[in-house]
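K.L.:
So that we are looking at the same thing, I have put the structure below in structure tokens.
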Amino acid sequence: MAAQIEMDGTDANTVVTETTCGICLEEPRDPLNLPCGHSFCDGCLNEWRSRYGVEEEMRRKCPICRATIPPSKEMVSTLLTCRAAKLKLEDYGETSSEQYHDVCRDLAQVEELVGADWDGVTVLEDDRQPAVVMPDYIHNAALRGAIKSVLKWISANHTEDRVNAISGPERMCMPILFIATMNNHLMLMTLLLQLGADADLRNSNGVTTLGILFSDMKGSAAFLRRGNGANLKLANLLDSEFGGRRCEIVNHSSRPELNGKTCINDEYLPDSNQYKVTLETKSKEVLVLGPDNLKRRDRTPQDCGYYIEFKNGRTIRHDFDSNEDCQAFVAALNNGETQPAVTEEAEAAAELAAAELLAELGLDDSPSVPSSGCKAKKSKKKKKGGKKKRK
Ligand SMILES: [Zn+2]
Ligand SMILES: [Zn+2]
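Numbering of the sequence shown is given in our numbering, commencing with residue 166 and proceeding in unit increments.
As structure tokens, this is what we get:
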């Protein structure tokens with residue numbers, strides 16, 4: 166009897182501690198740890214279901230012990246999004262619209278997935294940290310590309326990972342970067358990435374930020390060129406052979422001082438199998454380099470190459486002579502130290518460049534503050550601001 170109990174105990178523990186996938190018997194990839202104690206790779210479970218033509222009813226049961234599998238966070242979020250959308254349309258009396266018809270169809274589909282026997286509470290756990298949920302007004306600010314409001318909210322609490330906050334479940338759990346990307350707010354996107362926004366996060370439909378950028382509608386350069394909000398910079402990037410990839414220069418024998426410096430690939434030269442690149446330094450020197458001299462080096466918040474600062478309602482681009490300078494600048498900013506020595510001349514040049522970039526992109530955080538203009542105009546601006554009532 167005692168042995169029996171011990172065996173049962175060991176058995177249950179083995180399932181939890183070994184964490185092998187019950188299907189492929191290896192360490193689970195993207196593990197799904199079911200409340201019954203059984204674990205599966207996400208992929209294995211889905212393949213098993215499709216291979217054996219598992220019916221909807223049985224899809225919600227563990228393949229080993231038949232215990233009920235609660236719905237995933239994504240399923241629940243989609244359910245809530247559809248319900249909220251349906252209610253809203255009913256409130257507006259648009260129950261005969263095509264949109265309403267679509268929402269009802271989507272809702273029926275997700276209700277089927279979740280199952281009528283769901284207790285309305287239990288959600289399948291995963292190993293991801295639960296994200297901070299942003300308030301609705303921040304969701305709306307990100308939609309508008311209102312840099313100031315978004316950054317202010319993010320920096321108001323450093324104990325939370327607010328840069329990776331998501332909207333509420335009834336708004337599809339979209340990360341801030343996702344919302345900014347959806348609406349082509351390039352400058353806000355850059356600022357969020359500098360702060361460590363994760364481009365791999367998914368909304369409740371499982372779409373990542375890169376996914377939305379390259380989805381049918383947005384991913385076409387033609388789409389980006391259209392209309393008033395045309396994003397030519399992004400369109401050119403998507404059209405270019407090397408997609409604006411950032412690289413480090415390596416093994417340059419005739420000019421060894423360039424090794425370790427970073428550059429942006431502008432153009433592939435097929436005849437010579439070389440790349441035309443622009444150095445990521447203040448000099449912006451243009452070079453032609455072979456593939457052996459280029460090594461991929463993606464930007465990170467600590468190693469960003471250039472830095473966009475948001476100050477006094479405007480964005481200022483800082484370029485540096487070397488990556489070390491850039492890293493030191495970022496580190497000092499993060500430590501809350503006072504601004505590292507940036508000469509006034511450099512700052513003026515940076516501001517001018519930023520203003521030009523903004524004008525070129527047609528980006529402007531708030532319409533009440535002119536995006537162009539330098540220090541000399543500040544007094545004028547103050548007068549203007551004085552007339553306006555603050556909201
Ligand atoms: Zn597996
Ligand atoms: Zn089980």
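Idealized CB from N, CA, C, for every residue including glycine.
(1) First and last residue of the alpha helix (DSSP H) that includes Asn348?
(2) Could you tell me the alpha carbon to alpha carbon distance between Thr184 and Glu192, rounded to whole angstroms?
(3) Where does Cys230 land, buried or exposed, given buried means 16+ other C-beta within 10 angstroms?
(4) Could you compute how far the alpha carbon of Cys189 sits from the alpha carbon of Cys201?
(5) Give me the Cα-Cα distance between Asp284 and Thr233, rounded to the nearest whole angstrom.
(6) Is it buried or exposed for Lys426, if we count other Cβ within 10 angstroms and need 16 for buried?
(7) What is the DSSP secondary structure of Tyr265, counted as helix, strand or coil?
(8) Does the beta carbon of Leu199 fall short of 7 Å from some heavy atom of ligand 2?
(9) Terminal residues of the continuous alpha helix (DSSP H) containing Arg214?
(10) For my contact list, Thr346 and Leu378 are in at a C-beta cut-off of 8 Å; report their separation, rounded to the angstrom.
(11) Give me, in chain order, the residues of the same chain whose beta-carbon lies closer than 6 Å to that of Glu432; leave out the 5 immediate sequence neighbours on both sides.
(12) Can you give me the Cβ contacts of Leu357 inside the same chain, cut-off strictly under 7 Å, excluding the 5 residues immediately before and after it?
(13) By DSSP's criteria, Tyr440 is part of a beta bridge. Which residues make up the other side?
(14) Pull up the distance between the alpha-carbon of Glu220 and that of Ala249, whole angstroms please.
(15) Does the Cβ of Ser418 have 16 or more other Cβ atoms within 10 Å, making it buried, or fewer, making it exposed?
(16) Can you grab the Cα-Cα spacing for the pair Ile481 / Ala321, in whole Å?
(17) Give me the Cα-Cα distance between Pro505 and Gln492, rounded to the nearest whole angstrom.
(18) Using 8 Å as the threshold, is the region 239–249 in touch with the region 271–289, meaning 3 or more CB pairs across them?
(19) Measure the C-alpha to C-alpha separation of Cys227 and Asp195 and round it to an integer number of angstroms.
(20) What is the residue span of the alpha helix (DSSP H) that Glu489 lies within?
(21) In the DSSP assignment, what residue or residues form a beta bridge with Ile377?
(22) Buried or exposed: where does Met339 fall if 16 or more other Cβ atoms within 10 Å of its Cβ makes it buried?
(23) The alpha helix (DSSP H) with Ile312 in it runs from where to where?
(24) On a CA-only basis, which of Asn477, Asn424, Pro466, Asp490 is nearest Lys447? Give me that one, please.
(25) Using 8 Å as the threshold, is the C-beta distance between Asn424 and Gly409 below it?
(26) Where does Lys108 sit, in a helix, a strand or coil, going by DSSP?
(27) Cα-Cα, which of Pro334, Asn488, Met352, Leu289 is closest to Ile414?
(28) Drop a sphere of 10 angstroms on the beta-carbon of Glu450, count the other beta-carbons inside from all chains shown, and report buried for 16 or more, exposed for fewer.
(29) Measure the Cβ-Cβ separation of Val268 and Leu254 and say whether it is below 8 Å.
(30) Run the proximity test for Ile188: is its beta-carbon closer than 7 Å to any non-hydrogen atom belonging to ligand 2?
(31) With a threshold of 7 Å (Cβ to nearest heavy atom), would Pro193 be considered close to ligand 1?
(32) Quick check: Val298 and Ala330, are their CB atoms within less than 8 Å of each other?
(33) Say the cut is 7 Å; is the CB of Cys227 nearer than that to a heavy atom of ligand 1?
(34) Quick check: what's the CA-CA separation for Tyr257 versus Asp301?
(35) So the beta strand (DSSP E) Thr480 belongs to, where does it begin and stop?
(36) Tell me the rounded alpha-carbon separation between Asn438 and Cys428.
P.N.:
The short version:
(1) Counting from one through the sequence shown, the residue named residue 348 turns up at place 183. Unbroken run through Asn348: none, as it is neither H nor E.
(2) By 1-based counting over the sequence shown, the position of residue 184 is 19. By 1-based counting over the sequence shown, the position of residue 192 is 27. Going by the C-alpha atoms only, they are around 6 Å apart.
(3) Numbered from its first residue, the sequence shown carries residue 230 at position 65. Cys230 comes out exposed.
(4) For the purposes of this step, residue 189 is taken as residue 24 along the sequence shown, with counting starting at 1. For the purposes of this step, residue 201 is taken as residue 36 along the sequence shown, with counting starting at 1. Computed Cα separation, rounded: 18 Å.
(5) Locating residue 284 in the sequence shown gives position 119, where the first residue counts as 1. Locating residue 233 in the sequence shown gives position 68, where the first residue counts as 1. Taking the straight line from one Cα to the other gives about 11 Å.
(6) Working through the sequence shown from its first residue, we reach residue 426 at position 261. It counts as buried.
(7) As a working mapping, residue 265 is identified with position 100 in the sequence shown. Three-state DSSP puts Tyr265 in a helix.
(8) Residue mapping note: residue 199 aligns to position 34 of the sequence shown, counting from 1. Yes.
(9) Position 49 of the sequence shown, counted from the start, is the residue given in the question as residue 214. Note, Arg214: alpha helix (DSSP H), 207–216.
(10) Mapped onto the sequence shown, residue 346 falls at position 181. Mapped onto the sequence shown, residue 378 falls at position 213. Right, the Cβ-Cβ distance comes to about 6 Å (below 8 Å), so this counts as a contact.
(11) As a first step, residue 432 must be located in the sequence shown, where it is residue number 267. Closer than 6 Å at the Cβ level, and outside the excluded window around Glu432, lie Lys441.
(12) Residue numbering aside, residue 357 sits at position 192 when the sequence shown is read from its first letter. Contacts found: Val328, Ile341, Leu342, Ala345.
(13) One-based indexing of the sequence shown puts residue 440 at position 275. Paired residue(s): Tyr433, Leu454.
(14) Taking the first residue of the sequence shown as 1, we reach residue 220 at position 55. Taking the first residue of the sequence shown as 1, we reach residue 249 at position 84. Approximately 28 Å between the Cα atoms of the pair.
(15) In the sequence shown, counting from the first residue as 1, residue 418 sits at position 253. Exposed, because fewer than 16 other Cβ atoms sit within 10 Å of the Cβ of Ser418.
(16) Stepping through the sequence shown from its first residue, residue 481 is reached at position 316. Stepping through the sequence shown from its first residue, residue 321 is reached at position 156. Rounded to whole angstroms, Ile481 to Ala321 spans 21 Å at the Cα level.
(17) Taking the sequence shown and counting its residues from 1, one reaches residue 505 at position 340. Taking the sequence shown and counting its residues from 1, one reaches residue 492 at position 327. Legend: pLDDT at Pro505 = 44, less than 50; position of this residue unreliable, no value from coordinates given.
(18) yes
(19) In the sequence shown, residue 227 corresponds to position 62, counting from 1. In the sequence shown, residue 195 corresponds to position 30, counting from 1. Distance between the alpha carbons of Cys227 and Asp195 is about 17 Å.
(20) Counted from its first residue, the sequence shown places residue 489 at position 324. First-last of the alpha helix (DSSP H) with Glu489: 488–499.
(21) If you number the sequence shown from 1, residue 377 lands on position 212. Paired residue(s): none; Ile377 is not in a bridge.
(22) Counting from one through the sequence shown, the residue named residue 339 turns up at place 174. Under this definition Met339 is a buried residue.
(23) Translated into the one-based positions of the sequence shown, residue 312 becomes position 147. Segment 312–320, the alpha helix (DSSP H) holding Ile312.
(24) The residue given as residue 447 occupies position 282 in the sequence shown. The shortest C-alpha separation from Lys447 is found at Asp490.
(25) Locating residue 424 in the sequence shown gives position 259, where the first residue counts as 1. Locating residue 409 in the sequence shown gives position 244, where the first residue counts as 1. No, Cβ-Cβ distance for Asn424 and Gly409 is not below 8 Å.
(26) The structure shown does not extend to residue 108, since the chain is modelled only from 166 to 556, so the question has no answer here.
(27) Numbered from its first residue, the sequence shown carries residue 414 at position 249. Of the candidates Pro334, Asn488, Met352, Leu289, the one whose C-alpha sits nearest the C-alpha of Ile414 is Asn488.
(28) The sequence position of residue 450 within the sequence shown is 285, counting from 1. It counts as exposed.
(29) Stepping through the sequence shown from its first residue, residue 268 is reached at position 103. Stepping through the sequence shown from its first residue, residue 254 is reached at position 89. Cβ atoms of Val268 and Leu254: closer than 8 Å.
(30) Within the sequence shown, numbered from 1, the residue matching residue 188 stands at position 23. No, since every heavy atom of ligand 2 falls outside the 7 Å radius drawn around the Cβ of Ile188.
(31) Locating residue 193 in the sequence shown gives position 28, counting from the first residue. Correct: Pro193 has its Cβ closer than 7 Å to ligand 1.
(32) The residue you call residue 298 lines up with position 133 of the sequence shown. The residue you call residue 330 lines up with position 165 of the sequence shown. In contact: Val298 and Ala330 (Cβ atoms closer than 8 Å).
(33) As a position in the sequence shown, residue 227 is number 62, starting the count at 1. Not under cutoff, so the answer is no.
(34) In the sequence shown, residue 257 corresponds to position 92, counting from 1. In the sequence shown, residue 301 corresponds to position 136, counting from 1. Going by the C-alpha atoms only, they are around 20 Å apart.
(35) Within the sequence shown, the letter at position 315 stands for residue 480. It spans 479–483 - the beta strand (DSSP E) in which Thr480 sits, taken as one unbroken run.
(36) Here residue 438 refers to the residue found at position 273 of the sequence shown. Here residue 428 refers to the residue found at position 263 of the sequence shown. Using only the alpha carbons, I get a separation of about 17 Å.
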